[in-house]
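2 protein chains.
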Amino acid sequence: MSTETLNQRCFNFSAGPAVLPELVLEQIRDEMLCLPGVGSSVLEISHRSKEFGHILNDARDRFRALFAVPESHDILFLQGGACLQNAMIPANLLVDAEQTGDYLITGSWGKKSSAEAHRFGNMHVAWNGDDDNFCRVPDSSEIHRSANPAFVHFTSNETIQGVQFHTEPDAGGAPLVADMSSDVLCRPVDIDKYGLIYACAQKNSGVAGVTVVVIRKDLLERCSDRLPLYLNYAKHSAADSMANTPPTFAIYVLGLVCKWLQDEVGGLQQMQAINEQKSNLLYDIIDTSQGFFQGHARTQDRSIMNVVFKTPNAELDAKFIAQAAAENMTTLKGHRSLGGIRASIYNAMPVEGVETLGNFMKDFLKANG
Amino acid sequence: MSTETLNQRCFNFSAGPAVLPELVLEQIRDEMLCLPGVGSSVLEISHRSKEFGHILNDARDRFRALFAVPESHDILFLQGGACLQNAMIPANLLVDAEQTGDYLITGSWGKKSSAEAHRFGNMHVAWNGDDDNFCRVPDSSEIHRSANPAFVHFTSNETIQGVQFHTEPDAGGAPLVADMSSDVLCRPVDIDKYGLIYACAQKNSGVAGVTVVVIRKDLLERCSDRLPLYLNYAKHSAADSMANTPPTFAIYVLGLVCKWLQDEVGGLQQMQAINEQKSNLLYDIIDTSQGFFQGHARTQDRSIMNVVFKTPNAELDAKFIAQAAAENMTTLKGHRSLGGIRASIYNAMPVEGVETLGNFMKDFLKANG
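Protein chains in written order, with the working numbering: chain A, 1304 to 1672; chain B, 1304 to 1672.
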C-alpha cells in the first residue's frame, strides 16, 4: 500500500473505544513531543506540576460549564471504568442495612451493574427488560421500587441494544444514579435530578482510561473510612482527583474534547440537534425499507448514539458489513451477543460519515431488497 | 517565544510521570491520526478489534521476553495504579484468618502499601526504616517476619527517598510481593523468586493509566468469587486483561517502550549497565564534593533510578533548582516531604542528560562551594 493509502482515515462506527474529533487528534499529534513552552510531552509531566494542574482544572472547568454541573455536585476523574463504578456505587452508597440498591435493567450494561450490588448490601430489580429482549425502557407504571431505596440506578443508553432513556425514570426521592458511559455530553441533562452520574470516556468524551464521576456532595458523607482508599469517593473528592497519579493523558484528551464541543460545535443543545439529525437519517431509511432493515429498539426508545438493526438474514448482515468495510466504513458488526449491524454515531462522527452510510444502506437495499 | 523555543525539549528529571524515549514519542506522533493500514487512531479502535488484540498481545509478549517472565506467571494490565494494588493484594492473597500480610517499610510508598492491609486481614510490619528517616533497606538479620505470612511485601525502589533493594529480602518461603513501580525494567530480575510484582507504568515503562501485574498462577486460586469483579486477579487473568475495556493507549505505549528496550538498548542487562553508568556519574560527584552535596540514602542502598541529595542549605537547593531549570533541566525539586534535590534518571533519560546535569553540578559546586 502507498503511504497515502496506509494513512487514509475511515468512517469508524466502533461502539467504543470510538471515533474522536479530527481536530483533537491533530492537536494531540502536534503537541506529542512538546507541550508548547513546557519542554516535555504531556505524557512526561508530573501530575503535581503546575502545567498538569492547569490541564486538570481546565478539563474539569470545561466539563462543568458544558454539562452545566451545579456547585452542589463534585466532578471526579477516576480509573477502572464503569466496571469499578459498579462496585464503588454500592460500596459507598449502600451503607444502611435497611436500605436497598434499586436497579432498572434495560440491557447488557444495566445487568452487569446490578450484578455487583449484592456484594455490599441488598439489591432490588425495579424493572427488567430481559423478557422483551431488551428492546425498550420501562413505562413509569412498570417501575416497582423497593420500600426504601438507597439509590435508583439506570443505564441512560444501552450501547449493545441501542435503547436510550429520553426522560429520567422517577426515583421517588432517592438519589438517581446513572451510567452515562455511552451518551454523556450527547445532549443537555438536568444534573439537579441526579445523585451520581458516571461515564467512562472512550465512547463519547475521550479515550479509554478515565471515568468521569459527577456526585452530589452530600452523598460523600456516606463514604466510609473502612473502604480502601481507591474505592472511596470522599477521598478522591478531598484530594481533587489526585489521591494517586490520575490518568493524565486521558484527562488531557477529555479537556480537548470538551473544548471542541464548546468552540466548534457550540454546546450541548447544538450537539443534540446534530445527533438527532444523524440518527434520524438512519432510522428514516430503516423505517421506509418496507421491513428489509429491522431496528432492534422500540421506536420511542431508540438511541441517538447506537443505531442497532439487521437485514432479513445473517448472511446479508455479513455481506452488508463486508461491503461497507470495503467502502471505508468500519466496525459495523453488531455486538456478539445480539448479532446484526450496529452503527455507533457518537458526537465525533461527522454528518458526512452518517450520510455516506445512509447512501450505502439505500444502495444495499436496492441491490438486495 | 518562537515556535522553535516553544517546542524545545528539556532534560526532564521528573519522578513520574517521567521522560519517555524520544523514538517512542515520535512513533506515537506519526501514528496519531491513523495506525498504518487501520483507518483510525489507536485511540479510536475497539479493544475487541483484531488490531488492538495484536497490540495487547505484542505488549504482553515483549514484556514477557524482556523481563524474562516464566510461563508459571501471568501478566495482567490493570487500572488504578499502585494505589489500587495496595488493596487488591491483601484482598486477594490475605484470605486465611490465621495468616498475616508482612510488610517491609523502607519509605513513603511502602508505608502507603501497608496502610491498606488491615482492611482485609492481619498486617505485620516486618521492618520499618522510619526511625532512620528511610535512608536504607534492612539487613537480613533485622527482618522479623510473622509466624505465618500470607506474603512478604517490599518496595524495590523508594522514589522519594532514593533507596533501592539490590537483592531480594528473604520471604522464608512465603510469596514475595514487590512494588516495582519506579524500577521495573531497569535491570534483570529473577521472577521465580516472586509471587507477585506490580508496577504502574508512568515512571519506567510507559504512561500513567496502566499498571502491570505479574502474578504466579497458583496464587490465582486464592482469589475469592466474593470480590468485586474489578478487584479479582483471577477474573482479569481468565479474561486476558479484557474483563472490561483496558487502558488501550497506555498498553500501546508500554509495548512501544518494551520494543525500544529490545531493539535500541539491547535488553535489560545493557539497560542496567547504562543505568549504573548514569547513576555512578552523579554519585561520584556527590561523593567527591567534600560534603557540599549530601546524598540521602546509605551508600550500598542507593537507587540507580532516583538520585536524592541536598546542598548545605535550603536556599542553595532552591538556587540549584532554579539555575538548572534556566539551563533546560526541569523538575529537579525533591519531594515536598523531604525537600532538597531529586534527579530521577529512569531508563529513558539519555546519558547526555545526566552528563549535562553532572557538569552543572560541578560548576555549581565551584561557584558556591
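For glycine and all other residues, C-beta sits at the position ideal for the given N, C-alpha and C.
Which two residues bound the contiguous beta strand (DSSP E) that contains residue 1365 (chain A)? Careful: residue 1365 (chain A) lies outside any beta strand (DSSP E), inside the alpha helix (DSSP H) at 1353-1370.
Mind checking residue 1636 (chain A): buried by the 16 CB within 10 Å criterion, or exposed? The residue in question, residue 1636 (chain A), is buried, as its Cβ has 16 or more Cβ neighbours within 10 Å.
Short CB-CB distance (under 8 Å) between residue 1357 (chain A) and chain B: Closer than 8 Å: no.
Going by C-alpha to C-alpha distance, which of B:1603, B:1646, B:1608, B:1604 sits closest to residue 1624 (chain B)? Distance from the Cα of residue 1624 (chain B) is smallest, within the candidate group B:1603, B:1646, B:1608, B:1604, for B:1646.
In the DSSP assignment, find the unbroken alpha helix (DSSP H) run with residue 1656 (chain A) in it and report its ends. Per DSSP, residue 1656 (chain A) is one residue of the alpha helix (DSSP H) stretching across 1654-1671.
Looking only at DSSP bridge pairs, what is residue 1460 (chain B) linked to? Paired residues: B:1467.
Give me whichever residues DSSP pairs with residue 1611 (chain A) in a beta bridge. Residue 1611 (chain A) pairs with A:1645.
Proximity of residue 1570 (chain B) and residue 1369 (chain B) at Cβ, strictly below 8 Å: Cβ distance < 8 Å, so residue 1570 (chain B) and residue 1369 (chain B) count as in contact.
Should residue 1385 (chain B) be labelled buried (16 or more other beta-carbon atoms within 10 Å of its own) or exposed? By the 10 Å Cβ count, residue 1385 (chain B) comes out buried.
Residue environment, residue 1520 (chain A), which counts as buried when at least 16 other CB atoms sit within 10 Å: Counting the other CB atoms within 10 Å of its CB gives residue 1520 (chain A) a total below 16, which places it among the exposed residues.
Determine contact between the stretch 1574-1584 of chain A and the stretch 1645-1662 of chain A, defined as no fewer than three beta-carbon pairs at a distance below 8 Å. Verdict: yes, contact present.
Would you check if there are 3 or more beta carbon pairs closer than 8 Å linking the stretch 1371-1386 of chain B to the stretch 1344-1356 of chain A? These segments do not touch.
Residues near residue 1305 (chain A) in its chain [Cβ-Cβ closer than 6 Å; skip 5 each side]: Nothing meets the Cβ criterion.
Of all the options B:1493, B:1604, B:1419, which has the alpha carbon lying nearest to the alpha carbon of residue 1517 (chain B)? From the listed residues B:1493, B:1604, B:1419, the smallest Cα separation to residue 1517 (chain B) is found for B:1493.
For a test of the three-state rule: what should DSSP assign to residue 1431 (chain B), helix, strand or coil? Strand, per DSSP.
In this structure, how does DSSP classify residue 1406 (chain A) when only helix, strand and coil are distinguished? Correct three-state label for residue 1406 (chain A): strand.
Just by C-beta distance, which residues in the stretch 1394-1410 of chain A are closer than 7 Å to chain B? For the stretch 1394-1410 of chain A, which is checked against every Cβ of chain B, not one residue is closer than 7 Å.
Is there a C-beta anywhere in chain B that falls below 8 Å from the one on residue 1519 (chain A)? Residue-level contact check: residue 1519 (chain A) does not touch chain B, since none of the beta carbons of chain B fall below 8 Å from its beta carbon.
Residues of its chain near residue 1523 (chain B), where Cβ-Cβ distance is below 8 Å and the 5 sequence neighbours each way are ignored: Once the five neighbours on either side are set aside, the close Cβ partners of residue 1523 (chain B) are 1377, 1536, 1537, 1540.
Who are residue 1633 (chain A)'s beta bridge partners in DSSP? Answer is A:1315.
Residue 1514 (chain B) to residue 1661 (chain B), Cα distance in whole Å? Near 32 Å, if we compare the C-alpha coordinates of residue 1661 (chain B) and residue 1514 (chain B).
If residue 1644 (chain A) and residue 1612 (chain A) are in contact, beta carbons under 8 Å, what's the gap, nearest whole angstrom? With 8 Å as the limit, residue 1644 (chain A) and residue 1612 (chain A) qualify as a contact, their Cβ atoms being about 6 Å apart.
Which residues, in chain order, does the stretch 1314-1326 of chain B contribute to contact with chain A at a C-beta distance below 8 Å? Along the stretch 1314-1326 of chain B, going in chain order, the ones with a CB nearer than 8 Å to a CB of chain A are 1315, 1317, 1318, 1319, 1320, 1321, 1322, 1323, 1325.
From A:1667, A:1401, A:1418, A:1653, residue whose alpha carbon lies closest to that of residue 1529 (chain B): Ranking the options by Cα distance to residue 1529 (chain B), first place goes to A:1418.
Decide yes or no for the touch test of the stretch 1477-1496 of chain A against the stretch 1429-1447 of chain A: beta carbon pairs closer than 8 Å, at least 3 of them. Segment contact: the stretch 1477-1496 of chain A against the stretch 1429-1447 of chain A, fewer than three CB-CB distances shorter than 8 Å; contact not assigned.
Going by C-alpha distance, which of B:1383, B:1621, B:1471, B:1310 is nearest residue 1336 (chain A)? The residue with the shortest Cα to Cα distance from residue 1336 (chain A) is B:1310.
Within the 8 Å Cβ cut-off, does residue 1386 (chain A) reach chain B? Nearest CB-CB separation between residue 1386 (chain A) and chain B: below the 8 Å threshold.
Answer yes or no: do residue 1501 (chain A) and residue 1603 (chain A) have a C-beta to C-beta separation smaller than 8 Å? No; because the gap between Cβ atoms is not below 8 Å, this pair is not in contact.
Measuring CB to CB, does residue 1665 (chain A) end up less than 8 Å from residue 1588 (chain A)? Yes, these two residues count as a Cβ contact at 8 Å.
Kindly indicate which residue of B:1544, B:1413, B:1505, B:1591 has the alpha-carbon position closest to the one of residue 1466 (chain B). For residue 1466 (chain B), the nearest C-alpha among the options comes from B:1413.
For residue 1629 (chain B) versus residue 1663 (chain B), is the C-beta spacing smaller than 8 Å? Not in contact: residue 1629 (chain B) and residue 1663 (chain B) (Cβ atoms no closer than 8 Å).
I want to verify the contact list: residues of chain B whose CB lies under 8 Å from the CB of residue 1505 (chain A), in sequence order. Ordered by position in chain B, the residues that pass the 8 Å Cβ test against residue 1505 (chain A) are 1548, 1551.
Relative to the C-alpha of residue 1422 (chain A), which candidate in A:1331, A:1437, A:1393 has its C-alpha closest? For residue 1422 (chain A), the closest of A:1331, A:1437, A:1393 by C-alpha to C-alpha distance is A:1393.
Classify residue 1602 (chain A) as helix, strand or coil using the three-state DSSP reduction. The answer is helix: DSSP assigns residue 1602 (chain A) an H, G or I state.
On the three-state DSSP scale, how would you describe residue 1588 (chain B)? Under the three-state reduction of DSSP output, residue 1588 (chain B) falls in the helix class.
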